[in-house]
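Chemist:
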Amino acid sequence: VVLCSLPMMHKSENGMRSHFITANFQIADAPGADEVLVAIGAANGGRVHPRIADRFQDIAEMDAENGSS
Numbered sequence: 048v049v050l051c052s053l054p055m056m057h058k059s060e061n062g063m064r065s066h067f068i069t070a071n072f073q074i075a076d077a078p079g080a081d082e083v084l085v086a087i088g089a090a091n092g093g094r095v096h097p098r099i100a101d102r103f104q105d106i107a108e109m110d111a112e113n114g115s116s
C-alpha cells in the first residue's frame, strides 16, 4: 500500500491561500519494484472554507511594519 499526499495550489497565483489544498489517496498494489508512481492533480476551484488573505499581502504588511519601526 502506498499513501500519497499531493499538494496543490493556484496555477498562476501561488500566494492565494484559498487554493492551498492537499489531495490524499492510497494505491493498494503499486508501485512495484520496477514501477514509478506519477500523480497529477487538478481542481475547478479553491477550498469551500478558504484560509484568510493571501501570503503576498501578509508579506507586504510585515515589510511596511518593519520599515516604519
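Residues 48 to 116, numbered by this note's numbering, are exactly what the sequence shown covers, in order. Yeah, the Cβ is synthetic: ideal placement off N, Cα and C, and Gly gets one too.
Note down, in chain order, each residue of its chain lying with its Cβ closer than 7 Å to the Cβ of Met56, except the 5 sequence neighbours on either side.
Modeler: Position 9 of the sequence shown holds residue 56. These residues qualify, in order along the chain: His66, Phe67.
Chemist: Return the first residue and the last residue of the beta strand (DSSP E) that Met63 is part of.
Modeler: The residue you call residue 63 lines up with position 16 of the sequence shown. It is not in any beta strand (DSSP E) - Met63 carries neither H nor E in the DSSP assignment.
Chemist: Could you tell me whether the Cβ atoms of Gln73 and Val48 are closer together than 8 Å?
Modeler: For the purposes of this step, residue 73 is taken as residue 26 along the sequence shown, with counting starting at 1. For the purposes of this step, residue 48 is taken as residue 1 along the sequence shown, with counting starting at 1. Yes, Cβ-Cβ distance for Gln73 and Val48 is below 8 Å.
Chemist: What are the partner residues of Gln73, as DSSP defines its beta bridges?
Modeler: Stepping through the sequence shown from its first residue, residue 73 is reached at position 26. Beta-bridge pairing links Gln73 to Leu50.
Chemist: Give a single yes or no on whether Pro78 has its beta carbon closer than 7 Å to a heavy atom of the ligand NAD.
Modeler: Because no ligand of any kind appears in the structure shown, any question about the ligand NAD cannot be addressed here.
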